[in-house]
Every structure is written in C-alpha cells, then in structure tokens.
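*Asks:* Residue numbers (this note's numbering), protein chains in the order written: chain A, 85 to 580; chain B, 18 to 465.
1) Are there 16 or more other CB atoms within 10 angstroms of the CB of residue 466 of chain B, so buried, or fewer, so exposed?
2) Would residue 128 of chain B and residue 119 of chain B be called neighbours here (beta carbons separated by less than 8 Å)?
3) At least one CB of chain B closer than 8 Å to the CB of residue 385 of chain A: is that the case?
4) Does any C-beta atom of chain A lie closer than 8 Å to the C-beta of residue 36 of chain B?
5) For residue 90 of chain A, name the three-state secondary structure that DSSP assigns.
6) Identify the contact partners of residue 322 of chain B in chain A, using a Cβ-Cβ distance below 7 Å as the criterion.
7) Tell me the DSSP secondary structure of residue 423 of chain B in three-state form.
8) In this structure, does DSSP put residue 401 of chain A in helix, strand or coil?
9) With 8 Å set as the bound, which would you pick, yes or no: does the beta-carbon of residue 204 of chain B sit closer than that to a beta-carbon of chain A?
10) Write down the C-beta distance between residue 322 of chain A and residue 322 of chain B rounded to the nearest angstrom, noting that I regard them as a contact closer than 8 Å.
11) DSSP puts residue 53 of chain B in a beta bridge; with which residues?
12) Identify every run of the alpha helix (DSSP H) within the region 119-194 of chain A, keeping only runs that are complete inside it and at least 4 residues long; order them along the chain.
13) DSSP on residue 457 of chain A, reduced to helix/strand/coil?
14) List, in chain order, every chain B residue whose beta-carbon is nearer than 7 Å to that of residue 123 of chain A.
15) Cβ of residue 372 of chain A within 8 Å of Cβ of residue 115 of chain B?
16) Using a Cβ-Cβ cutoff of less than 7 Å, which residues in the same chain neighbour residue 351 of chain B once the five nearest sequence positions on both sides are dropped?
17) Do you know whose CA, among A:485, A:520, A:117 and A:303, lies nearest residue 544 of chain A's CA?
18) How far does the beta strand (DSSP E) with residue 360 of chain A in it extend, from its first residue to its last?
19) Quick check: the region 346-363 of chain B against the region 141-152 of chain A, are there 3 or more CB pairs under 8 Å?
20) Can you tell me where the alpha helix (DSSP H) with residue 358 of chain B in it begins and where it stops?
21) Could you pull the DSSP bridge partners for residue 392 of chain B from this structure?
22) CB residue 298 of chain A to CB residue 329 of chain A, shorter than 8 Å?
23) Going by DSSP, name the residue or residues bridged to residue 441 of chain B.
24) Please report whether the beta-carbon of residue 99 of chain B lies at a distance below 8 Å from any beta-carbon of chain A.
25) Could you tell me the distance, in whole angstroms, from the CA atom of residue 268 of chain A to the CA atom of residue 336 of chain B?
26) Compute the Euclidean distance between the alpha carbons of residue 217 of chain A and residue 383 of chain A, then round it to the nearest angstrom.
27) Can you list, in chain order, the residues of its chain with a C-beta nearer than 6 Å to that of residue 399 of chain A? Leave out the 5 residues immediately preceding and following it.
28) Name, please, each residue of chain A whose Cβ falls closer than 7 Å to the Cβ of residue 411 of chain B.
29) Count the C-beta pairs between the region 36-56 of chain B and the region 340-358 of chain A that are closer than 8 Å, then say yes if the count reaches three, no if not.
30) Examine the Cβ distances between the region 188-207 of chain A and the region 334-346 of chain A and report whether three or more of them are shorter than 8 Å.
31) Exposed or buried, what is residue 255 of chain A when buried is set at 16 or more other beta-carbons lying within 10 Å of its beta-carbon?
32) Mapping DSSP to helix, strand and coil, what is residue 85 of chain A?
33) Across which residues does DSSP place residue 477 of chain A in a beta bridge pair?
34) What are the start and end residues of each continuous beta strand (DSSP E) run of 3 or more residues lying completely inside the region 132-193 of chain B, in chain order?
35) Is the CB of residue 40 of chain B under 8 Å away from at least one CB in chain A?
36) Spell out whether any CB of chain B is found under 8 Å from the CB atom of residue 424 of chain A.
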C-alpha cells in the first residue's frame, strides 16, 4: 500500500487488470447467427415481471482484448508444460497432446448424450473398451465410468458398499475405517455416504498397525479405505493380512486409486484382496488436471458388488452397445449421463498409446525417479521412513524448522527456481512434511536440477535463512495475506 | 522400452540405480509380497503409434452422428449453442490446462484471477451475492444444494418439482440417500410446479423447495409463488437455472432464491456426450460459510499488490475431514474457464441477444407446429423447449428424422408414462428458420 500512497493511485500500479476493468461500453466480442425470423416484442412472450430490468454486468471487450487478457493470465500460471511440478499424490505427469486432439474430434466432442444409441455406437465402443482396459489394469470384475472425479468415485463406491450390506440385512455396519495417514477426502466421503469414520494408527514403519486394525474392526465394520502404496509412498506389505482381517469380520476393502501410478503391472488391487477401487484418470491416465478439474473417477468392483453399480450400465449385445437401465439393485444415478466422457476419451487415448509394456515402464520409471531423488536428498533433510519408496516419498523439514525456517518457507523458495513445490504439510503424521512425486515423464537432468536447488535451499537455511524466510523473490506477486482474505472475504468484483 | 513420453536412457537408469544402491529396478519392488505380485504384462491392446492411433480413433469418432452434420433438436439439459472460437484457443493454453488446483498462489494467479472473474459473472447472471469456483455439473450441484439446505435448516425433507430435469432429480435422491434425507416430488400442472400441491405438502420439516427456471419442459415458471410459500415455511428456495436464459430473465436472486445452481454448458462447452460440463453454485451471503467446493477471494501481497487465493478453506473436506458436509475436491476448473471466456465474448449485450434469440426461435417453432396442426402442450412462456404431441412413438419418429439429417427431440415417454408420444423439442439460436421449417414438415405424417 506504500506505493499506492506514494504515487497517489487508488489501485496499485502493478495490479493485473480484471476483465471488468477493461470494459468499454459499446465494444463487442461475439458473432451470433443472423436472426432469420420475425422479431416479436419480448414482453409479450414472458410473464410480467420476468423480463430482466437490470442487465447482467458482463464485460464489453473486443476479441483481441479477450485474447490478450487471458494470455496475460496464462503467463501468471505454472503448469506441467511450464516446468517441473512434483506435487505429491497428484501425479503431475506430461499431458500428451494427441489426447487433446482426439477429444476434440467432432464425433466425440459434438455428440449429445441423449441421442439414439445407434447414432453413438463409436462413443459407446470407446467407453466399453476403456472399461475393459481398466478391468484388466485393476484386476476387478466390472467398471463404471460414471463418477466425475476421485472424490465422487469414493462416495459412489461407499454407497455401493452400503447398499450391499443393507441387502444382506447388515444395517448395523455403520463404520468406515481409514488410516491416520489418509487424505481428508476419505473420511469426508464416508461421512457424506452416511458412515461414521474410525481412524487406524500407523506403526513405526509408516504402515497400518495390524494390532490396532484388529482392535477397531467388528460386526459394525462396513469397510476399510486404503491407499496402497500409502500416502507416505510406502507399500502396505501386510495387505493380505489386512484383507483377511476385514473380510473376516464381513467388511469390504476399498482401494483409493490416487497412487496407482506406483504399481501398474506390479500389483493389482483385485489381486491384493480389494473389493472395489476408484481411479483418478486425470492423474495416472493423463486427463489433464485443468487447473483443478474436470477429472474422472471410474469405480471398479468385484462380482458381489456388480448388482449395485450406478445405472445405466453399459453392456455389449449382439445388436451393439446399450445402456441398461433395468438394474433393480442399482444404487441409482450419481451424475447425469455417463461420466466425464471427454476426460475418458483422453485416458483411453493414453492407454492405447502406451500399451502393456508402456504401462509397466511408467510404473518402473516413476518408482526409479522417486527413489533416486529420495536417496540424493536424504543427507540434507530428515527422512522419517528409510526404506524403498514407490512413486513418491515424504521428507520432513524438522531439521530446518529448528533453525527457524519452515517447510512453507522452503516451498516458497522453490518458486524462485522455477519449480512448483511438493505437497506440503501432508500427510499429517509427518512433521513439516514435504511429499515429492517426480513422475516417470521427467528426465534425469530435470531431477538433478531440482535436487541441486533443494540442496542449495538446505544450505541457505543454515547460512542465510532470511533469503528463504522472505521467499519468493522472483514471482509476479509475493506472499499473499490469506488471513485478510478469510476475515473480510471479497469473492467477486464490484464496480468502484 | 523407448517411448516418446519416457525420457530415461539406459545410461541414466544405470547411474540412478548406482546412486540408490540397488542393481535393478525390480529390487525397488521387493516390498510387494510375492503372493500379490503381478506377473508378466497386462492383457490389453498393444501400443499404437501416433498416426495409426489417430486414424483408428478418428474412424471410431466417425461412427457417431455429430451435430455439425445433423440439425439437432435435442436438449433436455444439454444444448447446442454458439461456441465462440476463441474459447478453445484460451483453454488450449497449457499453462491453464496442465496446472492443478492453485495451492501456490504466487505461481497460480492466472487461474485464480480467471476463477474470481467466473464467480463474478455467475453472481451477475444469477443475482446472488457469491458463487463458488464450479461443481461437476448441474445435477450434482442441485444435489449439493439440497444437502446444504438440509444441513443449514436441520430439517430432513426436500420437496423437488416434477418439472426439474429427471436425471437431476435422480441425482438429488441419490445424494439424499447417504444423508437419510427424504425427497418428495411436487406434482406438475400444465407443465409447471403445482402451487396448490406445494401448499399442501410444505411443512415445518421441509428444508428446501427445489425448482427449475426455465424448467425441464421449457416453461418459464413464475417462481414468485413458490418463493412466498417456501419462505413462509422458513425453508430455503433452491433454483436450478440455465445461466444463458438469465441473460434476459429476471434473476432468481431478485426473485428471492437462497441458492441458485445449474450448468454453464450453454456457455461455450461442447456437449461431449454428457460431460465434462460445468456446474455452478451461487448463494446469498448468509450461506457463505456453508458453500461446498472452492472459493477464490481477493487480497493483497506484502507490498500491497492485489492478488487472489483459495479462501474460507475451513469449510472444505481436506480440513474438516469427517466433519465435512461435502467431499468435493477437484471440480471443473478448465470448463469454468471456458464458460468465462464465452460469457466474456458474449458480454453484456451478447448475452441478452443470445437469450432473446432463443426465446424468439422457440416461439417461432411453437407457432410453426401449431400452424401445421400439431398440439403443442402448455400455453405458458417458453425458453429453448416445447412439448409436441406426436402420433405413435417418438423413437420411430426420430429414426425417420435421422434419415433426413435431423436429430429429433427427447422422448418424454422415457421419463413419464403419461407423456408417451410427446417429444421435447429444443430450439436454440443455432437452428435456422429453414431447419425449423424442415423439422415441422418432416414430422407432418406424425401429427397426432
């Protein structure tokens, strides 16, 4: 604000204008079809009082104004195509360009979900074949593509588990168990599906504590939700024992597919004893992350959950593909239509670009990259769990914290080097956590450069901590006042 | 194997294994018990080169009838509208589409500001105080609105108009199931919510009344009567709206809505076989801290520059965990961007003009059908859609129309037995007079 006062400006001179501030009355940016029918007075066609009196204040700008505005905004945004993005548990791998082209084919982009089935057989064929591929990849018996995102898939699967237990008369199964290292979405999904959540502890190796698991299960157990490898990037090697504990009490084992990139072709959820799984096609299968969606969260299930799949279910008949609505035990519809088809097209294109050996190589390189980074960074940061990781690993900034520099500061300092920082302060069971997931699409040179930056930051923490504490120094904006944003929320533009 | 997406060379691999201190990549998987280890390779189709895959998939796409080659009169929640060319150019900038949720605001100002602008435009159209950064789609947004209302009023019943999109009604019932909330349908009369029935049904256990404006049958319902009954019962009024229609209709906010939701698909988002589209969610200020999903707020940095951050995060699932009232994380950010660009391109004047064209064309089609002797149901006001009574089955009719290059209307018999033999015909600004006239003519032999 000093600058504002100094220059006598009401707004800061470096503010990026909002599109509303570029508006000039009389400019247009559109080209509508010519009206080829007689015009009629609108007031005669609408009930009294329902013809809008005050116009919605949308911008008035030319097409070039629009393009320059959004180009300027894009330059203020970091994506995978801008630089390394090792955001743990998000699998920020390269987004292949062929996916974008295929999703824009008019035969995929410009078809209506309610067209006669005979006129969309190509789209249904793609969906069916994608389901078949996902069935093989997960080791499940059936897959639905309906859920819109990972969280939506979690809830869908839990609703199916709920319906399964109710159909068996097991109405007392009201508890869903989640590990203490689980992402917050797991308990939130359980609550939204009407379950109570119980937490199971991790042991000293970062894995689910079997004794604690035995203690919390019972005839009220509906399911255990598990990510494997877990959020620490560690494989739950007791998975078969866990499956037998859960199945022993009549519960279901749920696989959170957020970390599937770590185990493709190495271990399938279906073979590990899981009864259902959700996938994040925008993570493992390169539907782009889009700045926070759209995603796609298909759910795979074993045989005894099939009757409960959301409807309609896509089936292949002698006459062609068909959406079957006649599913008496179905939980219902979790989303209008058939899921985020456009993202599913991208995922399918990717799987077909990779093939079986490609999918195997993805996991191998993802795990190689993560272990390489972990070992090179180990001398400079605390490594709470010293064992082979899978596709990601978690460091602790405890050592640096003692010197007065927090993980948040180090994350901000990474911005100066042109990197997106790792996921920080998650999982919750590691102090000052930094969760790093390099993915398989990054080269050794990129990994080395990032590692060097991290080592330099660790050195700065010891020698010139203020550089780190005051970071970032090179971004278009410095740290923002989040407290102010929450205390006096300004959630929309209002014309001055 | 070598692949264009995988940069590691043999030399890299060797050096990295040395650093790790293992002799093979396989060793890194030694923690996976032998019993669950997958052997060999997936039994899936082999990899294809870029050109041959493009060829195969373009052939698969060509098996579908798209609305560039057919005149489509199909709507029922998804519409063929003007998509400004610029939309795809903006969302193809990979700084946007290869980023994720803006957790690091210093390097995500572009996305954050774009969403702040989206929130503002949705507020302008709906007449509400604030809007979130998007939901999956209109159906799930409506369901979340019902859940919010139940949580806020601590009541366990939702009344939903029979004139709400049936797929959305299904989704509301689905969400309600998990929360043990009762959902009761309000009957319709003459294609709109039956006010007398609502008056009899509403009680002090009603959390909200859910209506659609314009409704599923294309009727512009006068929701003011619903509003007064709803608020007399201290319930919340939830309105699902096509935001494009709000370019010319009095906003639900002005008519007293507490929550306004819908799908921004009509603004520049391709039909894409039903998804991804873009739900929106707008509320009055008193509900601000109960909104599901992400909110972007304005603030300043250390030197006073204006900037944007994700805010009020204490509402969200990753903080509240099992106390959360919604589990949404990823939403439809890129499609919200697309809708923003389309709303910007249309702008203040264009959004009025496009909405007006839709009303005029719908009414033109209605008159044309009536002039040809068809029975067009419901005499109220129409936006985008009319219900036309036809002889025999709409499915048979549509097969005939298809041969003439026309994608016919939605078969209402699929959702309501009483409406067998009724087509829901959608007319947007994209349909020319010639196409509308041709439709009426081709349907001639199906006049009931």
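All C-beta atoms, glycine included, are put in the ideal place defined by N, C-alpha and C.
*Replies:* Checking against the coordinates, here is how it stands:
1) Lying before the first or after the last residue shown, residue 466 of chain B is absent from chain B, which here runs from 18 to 465.
2) Yes, Cβ-Cβ distance for residue 128 of chain B and residue 119 of chain B is below 8 Å.
3) No, residue 385 of chain A does not count as interfacial toward chain B.
4) A Cβ of chain A is located within less than 8 Å of the beta carbon of residue 36 of chain B.
5) Reliability of the predicted coordinates at residue 90 of chain A is poor, the pLDDT of 46 falling under 50, and the value obtained from them is presented with this limitation in mind. Residue state, collapsed to three classes: helix.
6) Chain A residues near residue 322 of chain B: 96, 98, 99 and 561.
7) When DSSP states are grouped into helix, strand and coil, residue 423 of chain B belongs to the strand group.
8) Under the three-state reduction of DSSP, residue 401 of chain A is assigned to strand.
9) Not closer than 8 Å to any Cβ of chain A, the Cβ of residue 204 of chain B fails to qualify, so no.
10) Wrong, their Cβ atoms sit about 52 Å apart, outside the cutoff.
11) None, per the DSSP bridge assignment.
12) Listed in chain order, they are 147-159, 181-187 and 190-193.
13) Residue 457 of chain A: helix per DSSP, three-state reduction.
14) Residues of chain B passing the Cβ test: 377.
15) Result yes, Cβ atoms of residue 372 of chain A and residue 115 of chain B sit closer than 8 Å.
16) Cβ neighbours of residue 351 of chain B beyond the five flanking positions: 108, 113 and 114.
17) Ranking A:485, A:520, A:117 and A:303 by Cα distance to residue 544 of chain A puts A:485 first.
18) Note, residue 360 of chain A: beta strand (DSSP E), 360-363.
19) In short, these stretches touch, since the Cβ pair count reaches three.
20) Here the alpha helix (DSSP H) through residue 358 of chain B covers 350-388.
21) Paired residue(s): B:406.
22) Taking 8 Å as the Cβ cut-off, residue 298 of chain A and residue 329 of chain A qualify as a contacting pair.
23) Answer by DSSP bridge pairing, in chain order: B:404 and B:427.
24) Taking Cβ atoms only, chain A reaches closer than 8 Å to residue 99 of chain B, which makes this a yes.
25) The alpha-carbon atoms of residue 268 of chain A and residue 336 of chain B are separated by roughly 7 Å.
26) Distance between the alpha carbons of residue 217 of chain A and residue 383 of chain A is about 13 Å.
27) Only 406 and 408 meet the Cβ criterion.
28) Within 7 Å of the CB of residue 411 of chain B, no CB atom of chain A is found; the nearest one sits about 10 Å away.
29) Under the three-pair Cβ rule at 8 Å, the region 36-56 of chain B counts as touching the region 340-358 of chain A.
30) Between the region 188-207 of chain A and the region 334-346 of chain A there are fewer than three C-beta pairs closer than 8 Å, too few to call the two in contact.
31) So residue 255 of chain A ends up on the exposed side.
32) Per-residue confidence for residue 85 of chain A stands at a pLDDT of 38, beneath the threshold of 50, marking its modelled position as unreliable; no derived number is given.
33) The partner list for residue 477 of chain A (beta bridge, DSSP) reads A:520.
34) If we require 3 residues or more, the beta strand (DSSP E) runs fully inside the region 132-193 of chain B come out as 174-178.
35) Chain A has no Cβ within less than 8 Å of the Cβ of residue 40 of chain B.
36) Answer yes: the Cβ-Cβ gap between residue 424 of chain A and chain B drops below 8 Å somewhere.
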